[in-house]
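J.: Residue numbers (the UniProt record's numbering): 1 to 1003. Every residue gets a Cβ at the ideal spot worked out from N, C-alpha and C, and that includes glycine. Owing to the predicted nature of the structure, the values given are computational and were not obtained by experimental measurement.
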Amino acid sequence: MQRRSATADKLYDVRFRQRLRRALRAPLRAILVWGLALALLLACGLAYVLAQDRGNRLAAAQRQSLALATGADRLLQLELDNLSQALRGEGVGAQALLADAPARAPALIEASLRGLLRRHPELHDVALLDAQGRRRFGGPGDPHVREWALGSRRNGDDVFVGPYRRLADGQAVVTLALPLASGDWVVAHWRVAALQRIVGGVDAGRDGVVALTDTHGLLLAASSAAAGTTGTRIRLPLGLVRGRPQGSAMGMHHAVFGQQARMLAVSGGGDYPLLAVAGLSVREALAPWWWFAGAALSVYLLYLAGFGYLLGSLRRAEGRQRQMLERLRRGDEELRLAHEMGGIGTWRVEADQGHLLLAEPTGTLFGAPQLRMSLPAFLARVHDDDRARVEQLYDQALHGNGEYNVVYRIHSLDGGLRWLAARGARVQGRDGLCMTGAVQDVSERLEAQARLFDAERQFRLVFERNPLPFWLFAVDSLRFLEVNQAAIRQYGYSREEFLGMTLLQLRPRSEAERLLQDVRTSREGFDAPSVWTHQRKDGSLLSVRVHSADLDFGGVPARLILAEDVSQRMADERELAFRASHDVTTGLLNPRALAEALDARRQAGYAVAYVQLRWLALIGATLGQAAGDAVLCAVAQRLRGLGERFGLTAHQPSQDFVLAVLDAQQLPQALQALLEAVSAPVQGGAFTQQLQAHVGVALCPDDAAGAEETIGSAAQAAHAAQAEGRSVVRFERSMSARIGERLRLAGRIHQAIARQEFELHFQPIMHAGSGAPRLLEALIRWPQADGSYIAPDQFIQLCEDTGLILPLGRWVMQAAAQARQQLALRGWADLPVAVNVSALQFFDGDLVADLVQACAAAGLAVDGLHLELTESSLMRQPQQALEVLRQLRALGVSVALDDVGTGFSSMAYLRDLPLDTLKIDRSFIADVHRDARNASICEALLTLGRSLGLDVVAEGVETEEQLQWLRAHGCDQVQGYLLGRPAPLAQVIDALGARDAQDAVTA
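#1: Counting only runs of 4+ residues fully inside the region 861-933, write out the alpha helix (DSSP H) ranges in chain order.
#2: Considering only residues of the same chain and omitting the five flanking positions on each side of Leu446, which have a CB-CB separation below 7 Å?
#3: Throw me the rounded Cβ distance for the Val519 and Arg545 pair, which I believe falls under 8 Å.
#4: What do you get for Phe453, buried or exposed, if any count of 16 or more other CB atoms within 10 angstroms of its CB means buried?
#5: With distances taken from CA atoms, which of Ala94, Trp185 and His120 is nearest His144?
#6: Taking Ser412 as the reference, give the member of Gly492, Ile925, Asp830 and Leu379 with the closest Cα.
#7: So what does Gln689 bridge to, in DSSP terms?
#8: Rounding to the nearest angstrom, what Cα-Cα distance links Arg978 and Gln763 in this structure?
#9: Just to confirm my understanding: we take Trp965, look at its own chain, exclude 5 residues before and 5 after, and list those with CB closer than 6 Å. What are they?
#10: Suppose you measure from the CA of Arg995 to the CA of Gly771; what does that come to, to the nearest Å?
#11: Look at Val893 and Glu871 and say whether their C-beta atoms are less than 8 Å apart.
#12: How far does the beta strand (DSSP E) with His651 in it reach, from first residue to last?
#13: Inspect the CB distances between the region 23-43 and the region 312-322 and report whether three or more fall short of 8 Å.
#14: Rounded to a whole number of angstroms, what is the C-alpha to C-alpha distance between Gln879 and Asp702?
#15: First and last residue of the alpha helix (DSSP H) that includes Gly750?
#16: Taking just the CA atoms, how far does Gln392 sit from Val439?
#17: For Phe160, list the residues DSSP reports as bridge partners.
#18: Quick check: what's the CA-CA separation for Pro106 versus Gly138?
#19: Rounded to the nearest angstrom, what separates Leu274 and Ala69 at their Cα positions?
#20: Is the region 775-792 touching the region 828-839, taking contact as three or more C-beta pairs under 8 Å?
#21: State the CB to CB distance for the pair Ala94 and Leu128, rounded to an integer number of angstroms; the pair is presumed to be in contact (CB under 8 Å).
#22: By DSSP's criteria, Glu777 is part of a beta bridge. Which residues make up the other side?
#23: Find out if the Cβ-Cβ distance for the pair Gly205, Ser281 is shorter than 8 Å.
#24: Compare the beta carbon distance of Arg559 and Tyr491 with 8 Å and say whether it is the shorter of the two.
#25: Under the three-state reduction of DSSP, which class applies to Asp586: helix, strand or coil?
#26: DSSP three-state call for Phe257: helix, strand or coil?
#27: Out of Asp830, Asp898 and Ala986, which has the shortest C-alpha to C-alpha gap to Val953?
#28: Could you pull out every unbroken beta strand (DSSP E) segment of at least 3 residues lying fully inside the UniProt domain "PAC" (404-454), listed in chain order?
#29: CA-CA distance, Met373 and Val349?
#30: Once DSSP output is grouped into helix, strand and coil, what is the label at Tyr789?
#31: On the three-state DSSP scale, how would you describe Ser112?
#32: If we count the other Cβ atoms within 10 Å of its Cβ and call it buried at 16 or more, is Ala486 buried or exposed?
#33: My understanding is that Met124 touches Leu167, with C-beta atoms under 8 Å, so please give their C-beta distance in whole angstroms.
#34: Quick check: the region 593-608 against the region 644-654, are at least 3 beta-carbon pairs closer than 8 Å?
#35: Helix or strand or just coil, what does DSSP make of Gln95?
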């Protein structure tokens, strides 16, 4: 009954508070509704008044703009009518003079025209023209007068108005033309400045505009500069002049005169193709309206502010009344909330009745469906393992043998288990002896303790068994508090030694201050990893990446450390960093790192010397990699000394060096020392090598703004030095132009290959004794549209540099195979064709496959083509060259070594190469019959060829004396202008046929 009474009282209190709240809010709701209705009505009224006022002001502006346009148009029409009458009078008078007094007419007409100009200063000139527009009297003629005049006027028979133009003296005019009955024309140029007087005095307001235009929007005059510049076009609306009456209002438009919105009106379109356009600024017309709108808005906002203040006052009064009710219930609510939040309930057991009475929230804790239950029913819900202990402690407390204090498990209503902590005591009540106390749900606390215990156990396992060193030290004393076995193994100390040490003993002395500063830095959570140097017990050092976190260790501020040994990784990173910025073989900077170092100085005034060493890469290919590296390192060591003396040194693989002279004033001394260093013989293995250097010089900032550009400029100068055969070349701006020209030429070559613009000429190679042809050498030619040719020496090397020699070489081989087929069809089946092969084709292309494919496409055997190679190209990579030559020998292809004696050859390699022919360079054939040195060289080469079993061909035979000398000394074959110039295949075949016929007649 007591429980039902309490519930009823609570329900009554709730209903009472609801009725009180409704009673307080009723007048407030009525005030709110009526106030909002009035606000809405006021807003609608103000909006209507503002809209009406705005429309009236815009309509007034529209009417005013129409009046301005109409007035300007009337003035314009009046002016044109006056000019029309004046021109008509001049025309009629001139016709009469020509008819009545032809002898005096010219002078009188000229005088009359001058008089007209004096009476009408708005005219620039007046002329009387014939029907074709040629001048008869007065100003200049106009041969196009009929063309523009017939389409320029809209209605009537008045004067024609022509286009806007500027005369030679710079004056802007509009042309007027009046046709006469005789077919002649009176033509005048009307100054545009005169039109400005029509609109100049018009008052259109500060931002308003009145303008005169033609029907296409060409601006002729304007009252304000806002309209634009005379002679420019304005963007008139599409309907501005189409189908409009004499005066029309156009409404609001944007971006006609400037970007402002204006009320436009137009007048015109009568007898003349001219318009008067007026536009009054909408912003200026609505300026008073904005003040009116602001005042209306202020009144409305004032009403809203007053209404809001009234509502606020009423709500505050209602709040104070509600607070009085809340204070009455606060105590009970706070107590109930405390029990619910803390999971606490109260209970009581009446000893004589044996019933357990529970407070309202306590039933949930005990797993009881009702608030009154018997003790056996309660004990039945207690966990089996805890029931006896609970019952024992209850009996002891009930009989006065101690306090009831127990933690046990109980089955909840949902079938789960809950941990409860119960406390109680025996008391003497009005109804007799009883037990009373409190109970609390401690399930979450015990579960948290269990999780914490499990986490500590897992952390201990991770700490102890982690393969990386782990330790814990006190932040204030730096003493070790705990270490794991990995730390003991890594650093060589025992656990006892660690616990007696401080962190400072694990670091080198040089890092002590940094360590103390780092420890004093407060942290939250985990610290970012950092690399430190640690010291083992034996004194050895290691690089360690430290991961740390601050924590509390038994009340002591501590820091947990995981130390990862990164010594090898750091060494690898240093090696990678070195390799990224240095050349591994020489140990010098690479050009990119050199450029970064120069830019980092942020100081200009330095010089860069770019050194190209010829034959340096060829030494390694010829004498072996070890010899090549030895020479390279020897040169690098010399230049390193120059770098220490003058600035910085870098190496660009494989045979280029860069010397940066930081003080440009020392450039002469640096260049002198540089040339001495690279010109001195270099020891490479068992051989002493002599190198040839080409040096390009560039200055910063004279030649380039940045280091990378300066190095590039010096490289361009070095290329120029090599091309010109000079030791040192200073960079010039024209070099970039030449390089650009080379790039453009490369583009043309690429296009010419695609279009097959090249052609082959052929030069015969004859037997030295009999004069019979032995083979034809294919020589490439590049014809131009004007009939000239671009010489091969102007594009072959560029093709080598850009890689275009590969597709060009394939085309030459295919064309040569087709030419060989044509020779066979013309009766020269036993005459092979020789093709020159570049080093890039030989090593980087698939030469054998290209040859087989070209011959197969032409239906030839592969021995129908011979190949010619230079000895310098073979000596680049002798081993690879030997392999390719063996493949060609297996196919039966004959190979000739071209330009013998000009390259860097090794007789040992030459002996082993599977060659068929040696070709003596033309430089040794010149004057061979009278130059002892050339004769000695040729005799040696002829002897070399015979000793190796090779045919010998002499190039560049141009005189009979050279031919006789070569025959006398046993040369096998000869080639040169004396025997036949390069020519297209058809001409060569005809020449061979003629020679064959001549030999037959002679025989």
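T.: Walking through what the data contain:
#1: Taking only runs of at least 4 residues, the alpha helix (DSSP H) segments lying wholly in the region 861-933 are 871-874, 878-891, 907-912 and 922-925.
#2: The beta carbon of Leu446 lies closer than 7 Å to those of Trp419 in the same chain, with the five residues before and after it left out.
#3: A Cβ-Cβ distance of about 18 Å is found for the pair Val519 and Arg545, leaving them out of contact under the 8 Å criterion.
#4: That one is exposed.
#5: Measuring from the Cα of His144, the nearest candidate turns out to be Trp185.
#6: Ser412 has its Cα closest to that of Leu379, out of Gly492, Ile925, Asp830 and Leu379.
#7: Per DSSP, Val682.
#8: Note that residue 978 corresponds to Leu in the displayed sequence, not to Arg. About 11 Å.
#9: For Trp965, same chain residues with a beta-carbon under 6 Å away, outside a window of 5 residues either side, are Val928 and His929 in chain order.
#10: Arg995 and Gly771: Cα-Cα distance of roughly 10 Å.
#11: No, they are not a contact pair.
#12: Boundaries of the beta strand (DSSP E) harbouring His651: Gly647 to Gln652, taken from the DSSP string.
#13: Put simply, the region 23-43 touches the region 312-322. At least three CB pairs are less than 8 Å apart.
#14: Approximately 47 Å between the Cα atoms of the pair.
#15: The identity of residue 750 in the sequence shown is His, whereas the question assumes Gly. If you look at His750, you'll find it in the alpha helix (DSSP H) that goes Arg733 to Arg755.
#16: Rounded to whole angstroms, Val439 to Gln392 spans 17 Å at the Cα level.
#17: Phe160 pairs with Ala177.
#18: Roughly 10 Å between the two C-alpha positions.
#19: Going by the C-alpha atoms only, they are around 12 Å apart.
#20: Put simply, the region 775-792 touches the region 828-839. At least three CB pairs are less than 8 Å apart.
#21: Indeed they touch by this definition, with Cβ atoms about 5 Å apart.
#22: Residue pairing by DSSP puts Glu777 in a beta bridge opposite Gln763 and Ala834.
#23: With a cutoff of 8 Å on beta-carbon distance, Gly205 and Ser281 are scored as near each other.
#24: No, they are not a contact pair.
#25: Note that residue 586 is Thr in the sequence shown here, rather than Asp. Coil, per DSSP.
#26: Coil.
#27: The shortest Cα separation from Val953 among Asp830, Asp898 and Ala986 belongs to Asp898.
#28: Correct list: 404-411, 417-429 and 432-441.
#29: Going from the Cα of Met373 to the Cα of Val349 covers about 10 Å.
#30: Tyr789: strand per DSSP, three-state reduction.
#31: Correct three-state label for Ser112: helix.
#32: When all chains shown are included, Ala486 counts as buried.
#33: The question names Met, but residue 124 in the sequence shown is His. Taking the Cβ atoms as the reference, His124 lies roughly 7 Å from Leu167, within the contact range of under 8 Å.
#34: Short answer: they touch.
#35: Note: Gln95 maps to helix in three-state DSSP.
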